[in-house]
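Heads up, the thing below is written out as structure tokens.
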Amino acid sequence: MGLLILGVAIILAVGFSFYMNNRSSETALATNADALPEADMEVDLDAPVGGPFILTGTDGKPVSADDFRGKYMLMVFGYTFCPDVCPMSLLAVSNALYDMEKKYPDLVSAIEPVFVTLDPERDTPDALSDYLQSFHPRITGLTGTLPDIKRMATAYAVRFSKTEADEYSTYLIDHSTNIMLMGPDGAYLTHFSPQTPPGLMASALASRVKRKDS
Numbered sequence: 001m002g003l004l005i006l007g008v009a010i011i012l013a014v015g016f017s018f019y020m021n022n023r024s025s026e027t028a029l030a031t032n033a034d035a036l037p038e039a040d041m042e043v044d045l046d047a048p049v050g051g052p053f054i055l056t057g058t059d060g061k062p063v064s065a066d067d068f069r070g071k072y073m074l075m076v077f078g079y080t081f082c083p084d085v086c087p088m089s090l091l092a093v094s095n096a097l098y099d100m101e102k103k104y105p106d107l108v109s110a111i112e113p114v115f116v117t118l119d120p121e122r123d124t125p126d127a128l129s130d131y132l133q134s135f136h137p138r139i140t141g142l143t144g145t146l147p148d149i150k151r152m153a154t155a156y157a158v159r160f161s162k163t164e165a166d167e168y169s170t171y172l173i174d175h176s177t178n179i180m181l182m183g184p185d186g187a188y189l190t191h192f193s194p195q196t197p198p199g200l201m202a203s204a205l206a207s208r209v210k211r212k213d214s
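Residue numbering for the sequence shown follows the UniProt record's numbering, starting at 1 and increasing by one per position.
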């Protein structure tokens, strides 16, 4: 637990530095929704992305895709033992949500942040619950059986595989790092990278919600 707190603290420091370095360009872009770089993030895929799923929440109860209908799912796929990109992605999502709460308080409730583990062997509901304490409280953690996780990953165009690393005492998971945005009907809309400045992500999310309401 101590190592986790230290790791999150380091990522927070790096994230703050990154935020300060990008603040001027972020402010300029965020004033014009049409200037947001969403188009550069679109994925041209042959098959539809998304679909039904039934997994397990941090309270041990079933959670399905239908529970998120009418909302925008902002999805991070990863695992709690991830040494770098997973906490970075969750931090980006957390900061984007905090930014929306300040700038777009009437729109933020339309966003449902979700963290899906790709390592159900270690990521039990309790383990996920403990891990997510370090991030935005609205993030829903999901786990399940490995076959269920594999089916969902395939449906959502997420690739992952277990790998051994000499510098670690346990295995790691190589996986896709996109932060996926799914629409109210469950269909894929766009995605972000873990390096997307939180202000830009917040503005892009608000733009999507406004577009639906207009």
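Note that CB positions come from ideal geometry on N, CA and C, so glycine has one too. Given the structure is predicted, the values throughout are model-derived calculations rather than measurements.
- When DSSP states are grouped into helix, strand and coil, Gly199 belongs to the helix group.
- Each residue's CA atom was taken as its position, placing Thr196 and Cys86 some 14 angstroms apart.
- Scanning Leu189, Arg208, Gly199, Asp185 for the CA closest to the CA of Asn178 turns up Leu189.
- Fully contained in the stretch 88-160 are the following alpha helix (DSSP H) runs of length 4 or more, in chain order: 125-132, 146-155.
- The beta carbons of Thr124 and Leu55 sit no closer together than 8 angstroms.
- Each residue's CA atom was taken as its position, placing Gly50 and Glu101 some 27 angstroms apart.
- Taking 8 angstroms as the cut-off, the beta carbon of Thr80 is found closer than this to the beta carbon of Thr117.
- Pairing Ile173 with Phe160 gives a Cβ-Cβ distance under 8 angstroms.
- In the structure shown, the three-state DSSP call for Phe81 is coil.
- The C-beta of Arg208 has 16 or more other C-beta atoms within 10 Å across all chains shown, which makes the residue buried.
- A distance below 6 angstroms between beta-carbons, with the five flanking residues on each side excluded, links Phe135 to the following residues of its chain, in chain order: Leu90, Ser94.
- Beta-carbon to beta-carbon, Tyr72 and Ala96 are separated by about 12 angstroms, too far to satisfy the 8 angstroms threshold.
- For the pair Val158 and Phe53, the CB atoms are not nearer than the 8 angstroms cut-off.
- Distance from the CA of Asp99 to the CA of Arg211, rounded to the nearest whole angstrom, comes to 19 angstroms.
- Shown here for Pro194: same chain residues with a beta carbon closer than 8 angstroms to its own, the five before and five after excluded, namely Val85, Met88, Ser89, Ala92, Thr177, Ile179 in chain order.
- In the displayed model, Val209 falls within a helix according to three-state DSSP.
- Taking Asp126 as the centre and dropping the five residues before and after it, the same chain places the C-beta of Thr58 closer than 8 angstroms to its C-beta, in chain order.
- Ranking Gly186, Ser169, Pro105 by CA distance to the CA of Asp67 puts Gly186 first.
- For Val114, the closest alpha carbon among the candidates Thr163, Glu164, Ala155, Met182 is that of Met182.
- By alpha-carbon distance to Thr170, the top candidate from Tyr131, Lys61, Val108, Asp119 is Asp119.
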